[in-house]
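Asks: Numbering (this note's numbering), first residue to last: 204 to 326. Can you keep this structure in mind? I'll have questions shortly.
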């Protein structure tokens, strides 16, 4: 009988671990948009481009200047082009890039990345 009890506890432990993994997956689905970071400097750590029928979606992992990590999503064509260039320059292979999020002066008013001296980042 003593041998059966540890087996039951191990099964319960596995169930608890599975629930934690599900919670993490749910959290990562809650992505922010670049609109929330206009005027801020971010460190771009990782990016993936998902090809779509009408537009591409870019999923990024960024950190603010305090080190807090965010999952960000955008479908901006300007960001798509920048991310493709950064992927060629080593993004996702250990290189990170410091970017400033600026409001794009266009009819769509989509934010874009600007690679400038951090002191020039407009708030």
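Positions of the beta carbon are idealized from the N, C-alpha and C atoms, including for glycine. All values derive from a computational prediction rather than experimental measurement.
Three-state secondary structure (DSSP) at residue 227?
Replies: Your numbering for residue 227 matches position 24 in the chain shown. Residue confidence for residue 227 is low, a pLDDT of 34 falling below 50, so the modelled location carries little weight; the figure read from the coordinates is stated next. In the structure shown, residue 227 sits in a helix (DSSP, three-state: H, G or I).
Asks: Measuring straight from C-alpha to C-alpha, what distance separates residue 254 and residue 260?
Replies: Position 51 of the chain shown, counted from the first residue, corresponds to residue 254. Position 57 of the chain shown, counted from the first residue, corresponds to residue 260. So the alpha carbons of these two residues sit roughly 7 Å apart.
Asks: In angstroms with no decimal places, state the Cα-to-Cα distance between residue 245 and residue 294.
Replies: As a working mapping, residue 245 is identified with position 42 in the chain shown. As a working mapping, residue 294 is identified with position 91 in the chain shown. C-alpha separation (whole angstroms): 14 Å.
Asks: For residue 299, which three-state DSSP category applies?
Replies: One-based indexing of the chain shown puts residue 299 at position 96. It is coil, neither helix nor strand.
Asks: Consult DSSP for residue 304 and reduce its assignment to one of helix, strand or coil.
Replies: The residue you call residue 304 lines up with position 101 of the chain shown. Looking at residue 304 - three-state DSSP - the assignment turns out to be strand.
Asks: In whole angstroms, what is the alpha-carbon distance linking residue 250 and residue 241?
Replies: Within the chain shown, residue 250 is the residue found at index 47, counting from 1. Within the chain shown, residue 241 is the residue found at index 38, counting from 1. Straight-line Cα distance between these residues: approximately 19 Å.
Asks: Within 10 angstroms of the Cβ of residue 277, are there 16 or more other Cβ atoms? Answer buried if so, exposed if not.
Replies: Locating residue 277 in the chain shown gives position 74, counting from the first residue. Buried, since its Cβ has 16 or more Cβ neighbours within 10 Å.
Asks: So residue 237 and residue 304 are in contact, right, with Cβ under 8 Å, and what is the actual spacing, rounded?
Replies: Within the chain shown, numbered from 1, the residue matching residue 237 stands at position 34. Within the chain shown, numbered from 1, the residue matching residue 304 stands at position 101. The pair is a contact, with the Cβ atoms about 6 Å apart (cut-off 8 Å).
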